[in-house]
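Scroll down for the structure; my scribbles are underneath it.
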Amino acid sequence: MPGSAGPPIIGHTAQLLTNPPRFYMDRYRRYGPVSRFTLVGHPSALAVGGDAAKAVLGGRDRFFASGRAWSLWGGPFFARGLLMLDFEEHLAHRALMEQAFTRDRIGGYLDQLYTVLAEDLADWKPSPWFRAQSAVRATMLRASVRVFMGGGLGAEAAEIERAFLRCVAAAGATLRFEYPGGTWSRGMAGRRRLEELFADRTPVVRARGGSDLFAVLSRATGRDGQGFSDEDVVNHMVFLMFAAFDPVSINLVTMIRYLAEHPAWQERCREESFTLRTDRPGAAELGRLAALELVMKESLRLLPPVYALPNTAVEDADVLGYEIPAGTVTVVSPFVNHRLPEYWSDPDAFDPERFAPHRREDQSHEYAWIPFGGGVHKCIGLHYGTLQMKAVMHQVLRRYRWRLAEGHAPEVLWRGFARMRDGLPIELARV
Ligand code: HEM
110 MPGSAGPPII GHTAQLLTNP PRFYMDRYRR YGPVSRFTLV GHPSALAVGG DAAKAVLGGR
170 DRFFASGRAW SLWGGPFFAR GLLMLDFEEH LAHRALMEQA FTRDRIGGYL DQLYTVLAED
230 LADWKPSPWF RAQSAVRATM LRASVRVFMG GGLGAEAAEI ERAFLRCVAA AGATLRFEYP
290 GGTWSRGMAG RRRLEELFAD RTPVVRARGG SDLFAVLSRA TGRDGQGFSD EDVVNHMVFL
350 MFAAFDPVSI NLVTMIRYLA EHPAWQERCR EESFTLRTDR PGAAELGRLA ALELVMKESL
410 RLLPPVYALP NTAVEDADVL GYEIPAGTVT VVSPFVNHRL PEYWSDPDAF DPERFAPHRR
470 EDQSHEYAWI PFGGGVHKCI GLHYGTLQMK AVMHQVLRRY RWRLAEGHAP EVLWRGFARM
530 RDGLPIELAR V
C-alpha cells in the first residue's frame with residue numbers, strides 16, 4: 110500500500126489534530142485512493158473516492174467493524190451505542206431501534222421540537238454581534254432533551270444537559286486521560302451521572318409509555334417478544350442524544366454561515382418559508398421547502414459534520430486491490446469525497462443548484478455524497494435529522510434576517526467534530 114508511517118510512535122497525529130480534512134486531501138493527492146499512515150501508534154489506512162469508500166463502508170457486514178475504531182475517537186463516553194456495536198448484535202439492535210424512527214414517531218418528535226423552538230427562538234436577541242453557534246447549540250440541546258425525554262423534567266433537564274456536554278467535550282479532548290478537573294475526568298463523571306439518571310428512570314418510563322424517544326426505545330420489542338435490557342436503553346440514550354444533537358447543530362451553524370455569505374439564497378429560502386403559511390409544518394410541508402433542501406445538502410457537502418468515518422479491518426481485507434491487514438484502522442472521509450473534481454463541478458464553491466433535478470451532481474457516484482455514511486451503519490436518524498434541520502431553519506428564516514458580523518471571516522476549528530472559531534458572530538435583525 111502506498112503512503113508512509115511518519116515519525117515513530119506519534120506518526121501523523123500532529124497533522125491530523127490540526128486539520129484532518131486537509132491531511133486526508135493531501136494524502137489522496139499524493140498517494141491515490143488507498144494509502145497508509147499512522148495515528149497515535151495505530152497502523153491506519155485512508156480509503157477515499159467513491160469506489161474505496163464503497164468497498165469499506167459496504168464491507169462492514171464482514172471485513173470492517175465500526176465499534177472498535179469509533180471507540181478510539183469517542184472514548185468510553187458513548188460505549189455500546191449503536192455505532193459501537195457490530196455484525197449480528199448491531200443488526201439486532203438496529204432492527205429494534207428502527208421502531209423509534211417510523212413516520213408517526215418522527216411526527217411526534219417534531220411536535221416536541223416545535224414546543225422548544227417556540228420558547229427558545231423568541232429569546233434570540235438581535236444584535237450586531239450575535240454568536241450563532243452557542244445560540245444554536247443551546248436551543249438544540251434543550252430540543253434534544255425534550256424530544257428524548259418529554260416535558261416536565263424540571264431541574265433534571267439542566268443536569269442532563271450539563272452531564273451530556275461534559276461527555277461531548279471529553280470525546281473531542283486532546284489530553285485523553287484522567288487527571289483531577291481535566292476534561293476527560295469531567296466526561297467520565299458526566300457519563301456516570303447520565304447512566305444514573307437514565308437508569309433510575311428506565312423502569313418508570315417503560316411502565317408509563319409515551320411518545321418521547323426514551324419511552325419508545327424502552328418499549329420496543331422484536332418478533333420474539335424481546336426488547337432492550339435496561340442497560341441497553343441507557344447506552345442507546347446516551348449515544349443517540351449525541352448523534353442527534355452534535356451533527357444537526359453543526360450543520361445548522363453551517364447553513365446559517367452560508368446563508369449569511371449568500372444573501373440571495375437567504376432571501377429565496379425566506380420567501381419559500383413564508384409561502385408555507387405555518388410555523389409548525391409537518392413532514393410533508395417541510396418537503397416543499399425545495400430551496401432550503403438544496404442549501405442543506407450543499408452545506409452537508411462542504412462541511413460534513415462527520416467528516417471522517419473510522420473502521421477497523423477484522424480480517425485481511427482487499428480495497429481496490431490493496432491489502433489492508435487485519436487490525437488496521439481504515440478511515441473513509443466524506444469531506445474528501447465531497448470535494449473531488451471528478452464528481453463535483455468547482456467543488457469548493459457554494460452552489461446549491463448542483464443538487465437540483467437538472468444537475469444532480471450527487472448522483473455522479475453512489476458514494477460521492479455521503480454525509481450520512483453508507484452500508485449497514487448508515488445514519489438511522491437521517492430522515493428525522495433532515496426534517497429537524499429544515500424545521501429549525503424554517504422558523505429562524507421567518508423570524509430573523511442576518512449577515513456576517515462586520516469584519517468577521519468564518520474559520521473552522523477542527524476539535525473533535527468541526528466548530529466555528531469565534532462562534533460565528535452574525536449581525537442579527539428581526540424580519
Ligand atoms: C446532520 C445530521 C446528521 C448527520 C450528518 C449524521 C451523520 C451520521 C453518520 C455519518 C453516521 C455513520 C457513521 C459511520 O458510518 O461510521 C451516522 C450514524 C448514526 N446516526 Fe446520524 N447523523 C445525523 C443525525 C442523526 C440523528 C438526528 C440521529 C438520531 C436521532 C442520528 C443517529 C445515528 C445513529 C444511531 C447512528 C449509528 C447507526 C448504526 O450504527 O447503525 N443521527 N450518522
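Going by this note's numbering, the sequence shown runs without a break in its numbering and finishes at 540.
Just so it is clear, CB atoms sit at the ideal spot from N, CA and C, and this is done for glycine as well.
- Item | Completely contained beta strand (DSSP E) runs for the stretch 168-253, where each covers 3 or more residues | Those beta strand (DSSP E) runs which fall completely within the stretch 168-253 and span 3+ residues do not exist here.
- Query: Is there at least one non-hydrogen atom of the ligand HEM closer than 8 Å to the beta-carbon of Gln242?
  - Reply: Taking the first residue of the sequence shown as 1, we reach residue 242 at position 133. The answer is no for Gln242.
- Message: With a threshold of 8 Å (Cβ to nearest heavy atom), would Tyr133 be considered close to the ligand HEM?
- Response: One-based indexing of the sequence shown puts residue 133 at position 24. No.
- Message: Considering only heavy atoms of the ligand HEM, does any lie closer than 8 Å to the CB of Arg214?
- Response: As a first step, residue 214 is located in the sequence shown; it is residue number 105 there, counting from the start. Incorrect: Arg214 has no Cβ contact closer than 8 Å to the ligand HEM.
- Query: Rounded C-beta distance between Gly296 and Ala279? I'm assuming under 8 Å.
  - Reply: Translated into the one-based positions of the sequence shown, residue 296 becomes position 187. Translated into the one-based positions of the sequence shown, residue 279 becomes position 170. About 2 Å separates the two Cβ atoms, so the contact holds.
- Query: So the alpha helix (DSSP H) Val313 belongs to, where does it begin and stop?
  - Reply: Counted from its first residue, the sequence shown places residue 313 at position 204. Where Val313 is concerned, the enclosing alpha helix (DSSP H) stretches over Thr292 to Arg317.
- Message: In this structure, how does DSSP classify Ile535 when only helix, strand and coil are distinguished?
- Response: Taking the sequence shown and counting its residues from 1, the one referred to as residue 535 is at position 426. Residue state, collapsed to three classes: strand.
- Message: If the criterion is Cβ atoms closer than 9 Å, does the pair Arg315 and Ala272 meet it?
- Response: Here residue 315 refers to the residue found at position 206 of the sequence shown. Here residue 272 refers to the residue found at position 163 of the sequence shown. In this structure, Ala272 does not lie closer than 9 Å to Arg315 by Cβ.
- Message: Tell me the rounded alpha-carbon separation between Ala282 and Gly525.
- Response: In the sequence shown, counting from the first residue as 1, residue 282 sits at position 173. In the sequence shown, counting from the first residue as 1, residue 525 sits at position 416. Rounded to whole angstroms, Ala282 to Gly525 spans 7 Å at the Cα level.
- Neighbourhood of Trp453 by C-beta, 6 Å cutoff - its chain only, sequence neighbours within 5 removed: Here the question's residue 453 lines up with position 344 in the sequence shown. Cβ neighbours of Trp453 beyond the five flanking positions: Glu470.
- Item | Three CB pairs or more closer than 8 Å across the stretch 372-379 and the stretch 515-533 | no
- Message: For a quick check, are the C-beta atoms of Thr248 and Arg275 less than 9 Å apart?
- Response: Looking up residue 248 in the sequence shown gives position 139. Looking up residue 275 in the sequence shown gives position 166. No, Cβ-Cβ distance for Thr248 and Arg275 is not below 9 Å.
- Message: Could you check whether the Cβ of Leu179 sits closer than 8 Å to any heavy atom belonging to the ligand HEM?
- Response: Residue mapping note: residue 179 aligns to position 70 of the sequence shown, counting from 1. Reading the sequence as shown, one finds Trp at residue 179 and not Leu. It does: the Cβ of Trp179 is within 8 Å (strictly closer) of some heavy atom of the ligand HEM.
- Task: Would you check if the distance between the CB atom of Val441 and the CB atom of Ala162 is smaller than 9 Å?
- Result: By one-based count along the sequence shown, residue 441 stands at place 332. By one-based count along the sequence shown, residue 162 stands at place 53. In contact: Val441 and Ala162 (Cβ atoms closer than 9 Å).
- Message: Tell me the rounded alpha-carbon separation between Glu475 and Thr311.
- Response: To locate residue 475, count along the sequence shown from 1; it is residue 366. To locate residue 311, count along the sequence shown from 1; it is residue 202. Roughly 40 Å between the two C-alpha positions.
- Query: Just the Cα atoms here: how many angstroms apart are Thr363 and Ala324?
  - Reply: Taking the sequence shown and counting its residues from 1, one reaches residue 363 at position 254. Taking the sequence shown and counting its residues from 1, one reaches residue 324 at position 215. So the two alpha carbons sit approximately 32 Å from each other.
- Item | contact_flag[the stretch 490-509, the stretch 446-463] where n(CB pairs < 8 Å) is 3 or more | no
- Query: With which residues is Pro419 paired in a DSSP beta bridge?
  - Reply: Stepping through the sequence shown from its first residue, residue 419 is reached at position 310. Its beta-bridge partners are Val440.
- Message: Please determine whether the Cβ atom of Leu192 lies at a distance below 8 Å from any heavy atom of the ligand HEM.
- Response: Here residue 192 refers to the residue found at position 83 when the sequence shown is read from its first residue. Yes, the beta carbon of Leu192 sits closer than 8 Å to at least one heavy atom of the ligand HEM.
- Evaluate the contact criterion for the stretch 252-259 versus the stretch 344-354: three or more CB pairs, one atom per stretch, below 8 Å. Yes: at least three Cβ pairs fall under 8 Å.
- Burial state of Arg397, where buried means 16 or more other Cβ atoms lie within 10 Å: As a position in the sequence shown, residue 397 is number 288, starting the count at 1. Classification for Arg397: exposed.
- Task: For the stretch 132-150 and the stretch 391-407, state whether three or more C-beta atom pairs, one from each stretch, are separated by less than 8 Å.
- Result: no
- Message: Using only the alpha-carbon positions, how far apart do Leu126 and Trp523 sit?
- Response: Along the sequence shown, read from residue 1 onward, the residue named residue 126 stands at position 17. Along the sequence shown, read from residue 1 onward, the residue named residue 523 stands at position 414. When rounded, the distance between both Cα atoms is 7 Å.
- Item | For Tyr431, the nearest candidate out of Ile118, Val165, Leu148 and Arg463 (CA to CA) | Taking the first residue of the sequence shown as 1, we reach residue 431 at position 322. Among Ile118, Val165, Leu148 and Arg463, the Cα nearest to that of Tyr431 is on Val165.
- Task: Assign Ala231 to one of two classes, buried (16 or more other C-beta atoms within 10 Å of its C-beta) or exposed (fewer than that).
- Result: Translated into the one-based positions of the sequence shown, residue 231 becomes position 122. Burial call: exposed.
- Going by Cα to Cα distance, which pick from Glu197, Ala178, Leu155 and Leu192 is closest to Arg171? Residue mapping note: residue 171 aligns to position 62 of the sequence shown, counting from 1. The candidate whose alpha carbon is nearest that of Arg171 is Glu197.
- Query: Which whole-angstrom value describes the C-beta separation of Phe257 and Asp321, a residue pair presumed to lie in contact below a C-beta threshold of 8 Å?
  - Reply: Translated into the one-based positions of the sequence shown, residue 257 becomes position 148. Translated into the one-based positions of the sequence shown, residue 321 becomes position 212. About 6 Å separates the beta carbons of Phe257 and Asp321, which is inside the 8 Å limit, making them a contact pair.
- Message: the ligand HEM and Gln497: does any heavy atom of the ligand fall closer than 8 Å to the residue's C-beta?
- Response: Translated into the one-based positions of the sequence shown, residue 497 becomes position 388. The answer is yes for Gln497.
- Task: With DSSP collapsed to three states, give me the class of Thr387.
- Result: For the purposes of this step, residue 387 is taken as the residue at position 278 of the sequence shown. Reduced to three states, the DSSP call for Thr387 is coil.
- Message: Using 8 Å for Cβ pairs, my map puts Val485 next to Pro443. What's the rounded Cβ distance?
- Response: Locating residue 485 in the sequence shown gives position 376, counting from the first residue. Locating residue 443 in the sequence shown gives position 334, counting from the first residue. Between Pro443 and Val485 the Cβ distance is about 17 Å, and since that is not below 8 Å, they are no contact.
- Item | Reduced DSSP secondary structure (H/G/I, E/B, other) of Trp374 | The sequence position of residue 374 within the sequence shown is 265, counting from 1. The answer is helix: DSSP assigns Trp374 an H, G or I state.
- In angstroms with no decimal places, state the Cα-to-Cα distance between Asn360 and Gly318. Counted from its first residue, the sequence shown places residue 360 at position 251. Counted from its first residue, the sequence shown places residue 318 at position 209. C-alpha separation (whole angstroms): 32 Å.
- Message: Suppose contacts are defined by Cβ-Cβ distances below 9 Å. Is Leu155 in contact with Thr122 by that definition?
- Response: As a working mapping, residue 155 is identified with position 46 in the sequence shown. As a working mapping, residue 122 is identified with position 13 in the sequence shown. It is not a contact, given that the beta carbons lie outside the stated cut-off.
- In whole angstroms, what separates the C-alpha of Arg448 from that of Pro130? Mapped onto the sequence shown, residue 448 falls at position 339. Mapped onto the sequence shown, residue 130 falls at position 21. For Arg448 and Pro130, the distance between alpha carbons rounds to 10 Å.
- Apart from the five residues on each side of it in sequence, which residues of its chain come closer than 6 Å, Cβ to Cβ, to Glu520? On the sequence shown, position 411 is the one that residue 520 refers to. The residues are Arg530.
- Item | DSSP-derived helix/strand/coil call for Gly484 | For the purposes of this step, residue 484 is identified with residue 375 of the sequence shown, where counting begins at 1. Looking at Gly484 - three-state DSSP - the assignment turns out to be helix.
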